[in-house]
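Numbering (the numbering used here), first residue to last: -5 to 461.
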């Protein structure tokens, strides 16, 4: 649910609570007023009856008093009128129902707890020769109940009307405020995803002092600054990459010349004296030059991938064939280092993948070269291909020192050097290139532990669609 809708809902709920409270208070006041009016009417009627009883009793006109009671019962919403002497005996009594006349009056009960339809009041009277007595008057509560029902119905009607009015007004206010904030939130999301797409929000005229307008102004300032800073950093990054690409490209030619010169010097030194220490020196020079050339090629290849969003070429590639060719090329290197290289390929052919064969071969070379560099003499290196989860997986494992668990999450980043044991003499571009190539092919790359020890690098590519 959007922020504007949440705010509208919250405002509507508050409006409902307010309207409900107001209506409930109105109904409560109206009910109290109805009870008070009935009680006042009862008190006034009781005083009138007392005066009538005392006037008639002094003259001994009890028969006339009875007829007076009948008239009151018939016209004044009175259920019963009874006069009792000090012993509780009925002196005069009239009712519109014999059942009500026979009931036991319960004066003093609050109107709100009357449950038999008759509200009783009483007061003392003087019967003259007959002494003191009590007059009891019972009133029908039907009119009061009708009034209370009417108040409840009016309260419901007023409550519904007030609820709808306040809820609608609150909804409109909430939607208006929420939409204003929602526009800021949407732009913040765009700004976080791509600062270059930032567009300033328009602040409402005449409302520059409220919180939302101040938020919009602050956001516009922040977005403009971030957009400018992003553009500046991108410009510097482009200049840096261009400079690095030029330097690396210019290094290729002298490196090739130096490597050829070292090879000639090695042959010449071997012919002249044939000393073993000189041969070892030239071997170290050859290895260092090969490593330096590989680093230069990694930088160039990584720069090309970062400059373009598409692959140079796409064709159906057999990863099993790439793995076999890679293993064959590393045979002499592994043999010279007294290591053992194992190639595990399933008997049944694996489905091809769609990709650039040169880049995929570069990924394999980098992983195997990394394993060779960090596997001690007498150690084992394994290359395995297999079908897995709708794709083809290539795994390269070694028996070297392995990669610490805390370093595995960042090992595919450029220039990562946390795992010192596995990056001596390397600037950390080989694995970054592998990750970039695999992701461009729509695959995944990862690292784990080899059994019983060492590192295990693997990548999985989706199977090529049928032609």
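We treat Cβ as the ideally placed atom computed from N, Cα and C, and that holds for glycine.
A quick note: this is a predicted structure, and the numbers were derived from the prediction, not measured.
Taken in chain order, the complete alpha helix (DSSP H) segments of 4 residues or longer contained in the stretch 318 to 377 are 325 to 330, 351 to 367.
In the DSSP assignment, residue 119 is bridged to 127.
Spanning the alpha carbons of residue 226 and residue 220 requires a straight line of approximately 10 Å. Note on geometry: alpha-carbon atoms of residue 424 and residue 360 lie some 6 Å from one another.
Taking 8 Å as the cut-off, the beta carbon of residue 333 is found closer than this to the beta carbon of residue 373. The distance from the Cβ of residue 346 to that of residue 380 is about 14 Å, inconsistent with a contact at the 8 Å cut-off. Counted as a single uninterrupted DSSP element, the beta strand (DSSP E) harbouring residue 439 occupies residues 438 to 443. Proximity of the stretch 304 to 319 to the stretch 391 to 402 falls short of the contact definition, fewer than three beta-carbon pairs being nearer than 8 Å.
In the DSSP annotation of this structure, the continuous segment of the beta strand (DSSP E) that includes residue 391 starts and ends at 385 to 392. About 16 Å separates the CB atoms of residue 34 and residue 142; that is not less than 8 Å, and the two are not in contact. Counting only residues of its own chain and dropping the five nearest sequence neighbours on each side, residue 435 has a CB closer than 6 Å to the CB of 349, 455.
In this structure the stretch 87 to 107 does not lie against the stretch 120 to 127, because fewer than three pairs of beta carbons, one per stretch, are closer than 8 Å.
Rounded to the nearest whole angstrom, the CA to CA distance from residue 13 to residue 156 is 6 Å. The continuous alpha helix (DSSP H) containing residue 63 extends over residues 56 to 69.
Spatial neighbours of residue 69 in its own chain (CB-CB distance under 7 Å, excluding positions within 5 residues in sequence) are not present. Going by beta carbons, residue 441 and residue 453 fall outside the 8 Å limit.
Bounds of the alpha helix (DSSP H) holding residue 96 are 92 to 96. Proximity to residue 305 across 387, 430, 382 peaks at 430, based on C-alpha coordinates. In the DSSP assignment, residue 450 falls within the beta strand (DSSP E) that extends over 449 to 456.
For residue 312, there is no enclosing alpha helix (DSSP H), as DSSP gives it neither H nor E.
Judged by their CB atoms, residue 60 and residue 43 are not nearer to each other than the 8 Å cut-off. In this structure the stretch 131 to 151 touches the stretch 72 to 81; the number of beta carbon pairs closer than 8 Å is three or more. With 16 or more other CB atoms across the displayed protein chains lying within 10 angstroms of its CB, residue 389 is buried. Looking at the backbone, the Cα of residue 47 and that of residue 32 are separated by about 22 Å. Taking 8 Å as the upper bound for CB-CB distance, residue 371 and residue 331 are in contact here, some 6 Å apart. Beta-bridge pairing by DSSP links residue 379 to 388. By the criterion of a C-beta distance shorter than 6 Å, residue 89 is surrounded in its chain by 74, 95, once the five residues flanking it on both sides are discounted.
The beta carbon of residue 58 sits closer than 7 Å to the beta carbons of 50 from its chain, once the five residues preceding and following it are set aside; these are given in chain order.
For residue 30 and residue 110, the gap between their C-alpha atoms comes out near 19 Å. Counting along the chain, residue 73 sits inside no alpha helix (DSSP H); it lies in the beta strand (DSSP E) bounded by residues 72 to 79. Excluding residues up to 5 positions away in sequence, 428, 431 lie with their Cβ nearer than 6 Å to the Cβ of residue 357 in the same chain. Exclusion of the five residues before and after residue 369 leaves 333, 375, 392, 393, 394 as the residues of its chain whose Cβ lies within less than 7 Å of its Cβ.
Each residue's CA atom was taken as its position, placing residue 84 and residue 40 some 17 Å apart.
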